[in-house]
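**Student:**
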Amino acid sequence: MIFKFFLLAVLQTVNVECTSIYRYPTDVDFKEVNNLIEPFQDGYQKRILEKQLLYCPMVPLCNNLTRQDSYPNGTSPDVGSCCFPCSCQKNGILNNEQCPNADVMLSAHRKTCIYPQYLTQGRTKIISKHSYYMISTCAPNFYTVSIIQKCTADQRKLDSFDISLYIPVSINSSNLLFKNKYCAICNNHTTNEMIPWSANLTCIFKPFDTISFSRSIMKEIAQSDDCNILFQSWNMTSEPETCDWGRYTVCNQTGSWKVYDKFIEDACNSYTSVYRAKYRNIFCFLCNSNETLYMGCDYWDLYDRIKEIPTATFASLISFREEDQRNTYQDCSDNEIFDSYEVRQHY
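Here is the structure:
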């Protein structure tokens, strides 16, 4: 019996040691990657490619740039790639899913994969089921800076309590979908063409004794992980196109990023090769997690164990009205407007 236990312990140790060879890069891996990136002159691109090639050894990049020597020749059956493929094709580039060394046409209208919700994953227990391709850039011949900013900027940094920055907008009789009404405006669409998505306050339990139509609701939701505002399409001529960049697509969604690094944030926003099934790329992982980077992943690294998702027992439809945006608040100056909305409860 003692011998059996000893043999089992030895076998487990050997398995862990063999598996770890493929989970973490060695000197051989670093040497191969350095040789591959040597011809690149751009220091910024070089740094991105170094991480991508090192930790995504089985994902080929554009122009046949791929690892061939150290990793693929001896993969363990228990360990596979941590990364999903990226694209070098025109469609992939237009959908912002290009590899880090793809040739990108900056003048093209490019889409972003967005979850239609107010609070991002990592800040709430209530999340949307799907994410959708949305246009989040402006036409090159549009020059109104304030509108461009409201379309292209991160809403959380611009005004995290302005609901109009978060509501997706469809265009009547088309399959176009914009991040918000400002993106539609800066792409030369009129308000008569726009179909704003409905906003639904969804909670695990009834959150407030009284619900008013002021920005205070947004502030209370932002401080609780039991509620979220989910946006849904209606009156659409066609279903919006779904996408999957993982749950974490921008930096610090989790609030756990301790030291800001502009390079990491820019890299997180620059390309798509989903890492560990949850992060848009390796750099989005670095600015949302304190875990160690893996070169090879097993099943549980890629997919969370099944967890019980809280059931929402309270929902209310938020009807956003343009007339409520006029200057009705004493703290607003003459050239400002106050954001408000009315709430109808549904149980």
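The sequence shown maps to residues -18 to -1, 1 to 329 in mature numbering (1 follows the signal peptide of the UniProt record, and there is no 0).
Every residue, glycine too, gets a C-beta built ideally from N, C-alpha and C.
From a predicted model like this one, the values you see are computed outputs, not experimental measurements.
Apart from the five residues just before and just after tyrosine 100, which ones in its own chain have a Cβ nearer than 7 Å to its Cβ?
**Tutor:** Once the five neighbours on either side are set aside, the close Cβ partners of tyrosine 100 are Tyr148, Ile203, Asn210, Ile211.
**Student:** Could you name each continuous alpha helix (DSSP H) segment of 4 residues or more that falls completely within the stretch 59 to 135, going from the start of the chain to the end?
**Tutor:** With a minimum length of 4 residues, the continuous alpha helix (DSSP H) runs that stay inside the stretch 59 to 135 are 72 to 76, 127 to 134.
**Student:** Grab me the residues of threonine 102's own chain with a C-beta within less than 7 Å of its C-beta, minus the 5 sequence neighbours each way, in chain order.
**Tutor:** Counting only Cβ-Cβ distances below 7 Å, and skipping sequence neighbours, we find Gln235.
**Student:** Run through DSSP, which three-state label would tyrosine 230 get?
**Tutor:** In the structure shown, tyrosine 230 sits in a strand (DSSP, three-state: E or B).
**Student:** Nearest CA to the CA of leucine 43: which residue from Ser69, Leu36, Ile30, Lys28?
**Tutor:** Nearest C-alpha to leucine 43: Ser69.
**Student:** Work out the CA separation of tyrosine 114 and serine 180 for me, nearest whole Å.
**Tutor:** One C-alpha to the other measures close to 15 Å.
**Student:** In chain order, what residues of the same chain have a beta carbon less than 8 Å from the beta carbon of cysteine 168, not counting five sequence neighbours either side?
**Tutor:** If we look at cysteine 168 and ignore the five residues flanking it on each side, its Cβ neighbours are Cys120, Ala121, Phe124, Thr126, Ile129, Ile130, Cys133.
**Student:** Quick check: cysteine 64 and arginine 258, are their CB atoms within less than 7 Å of each other?
**Tutor:** Cβ distance < 7 Å, so cysteine 64 and arginine 258 count as in contact.
**Student:** Does threonine 274 pass the burial test, meaning 16 or more other C-beta atoms within 10 Å, or should it be called exposed?
**Tutor:** Exposed, because fewer than 16 other Cβ atoms sit within 10 Å of the Cβ of threonine 274.
**Student:** Which stretch, first to last residue, makes up the alpha helix (DSSP H) that contains glutamine 137?
**Tutor:** Residues 137 to 141.
**Student:** Should aspartate 11 be labelled buried (16 or more other beta-carbon atoms within 10 Å of its own) or exposed?
**Tutor:** It is buried - the Cβ of aspartate 11 has at least 16 other Cβ atoms within 10 Å.
**Student:** Please report the distance separating the alpha-carbon of lysine 111 from that of isoleucine 96.
**Tutor:** The straight-line gap from Cα to Cα measures roughly 11 Å.
**Student:** Tell me valine 151's beta-bridge partners as DSSP assigns them.
**Tutor:** In DSSP, valine 151 forms a bridge with Phe160, Pro178.
**Student:** Spatial neighbours of serine 142 within its chain, please: C-beta separation below 7 Å, excluding the five flanking residues on both sides.
**Tutor:** Result list for serine 142: Ala204, in chain order.
**Student:** Which one of Trp216, Tyr276, Gln71 has the shortest CA to CA distance from proline 150?
**Tutor:** When each option's Cα is compared against that of proline 150, the closest is Trp216.
**Student:** Less than 6 Å between C-beta atoms, sequence neighbours within five positions excluded: which residues of the same chain meet that for proline 67?
**Tutor:** So the qualifying residues of the chain are Val41.
**Student:** Measuring only the C-alpha atoms, how far is methionine 176 from aspartate 248?
**Tutor:** The straight-line gap from Cα to Cα measures roughly 31 Å.
**Student:** When the Cα atoms are used, what is the spatial distance from isoleucine 145 to methionine 200?
**Tutor:** So the two alpha carbons sit approximately 8 Å from each other.
**Student:** Once you ignore the five residues that flank valine 256 on each side, which residues in its own chain have a CB closer than 8 Å to its CB?
**Tutor:** Answer for valine 256: Cys65, Phe66, Asp226, Trp227, Gly228, Arg262, Asn263, listed in chain order.
**Student:** Consult DSSP for cysteine 250 and reduce its assignment to one of helix, strand or coil.
**Tutor:** The answer is helix: DSSP assigns cysteine 250 an H, G or I state.
**Student:** Anyone know if the C-beta pair for asparagine 272 and tyrosine 230 falls short of 7 Å?
**Tutor:** Cβ atoms of asparagine 272 and tyrosine 230: not closer than 7 Å.
**Student:** Taking phenylalanine 12 as part of the alpha helix (DSSP H), name the residues at either end of that continuous run.
**Tutor:** Counting along the chain, the alpha helix (DSSP H) containing phenylalanine 12 begins and ends at 9 to 19.
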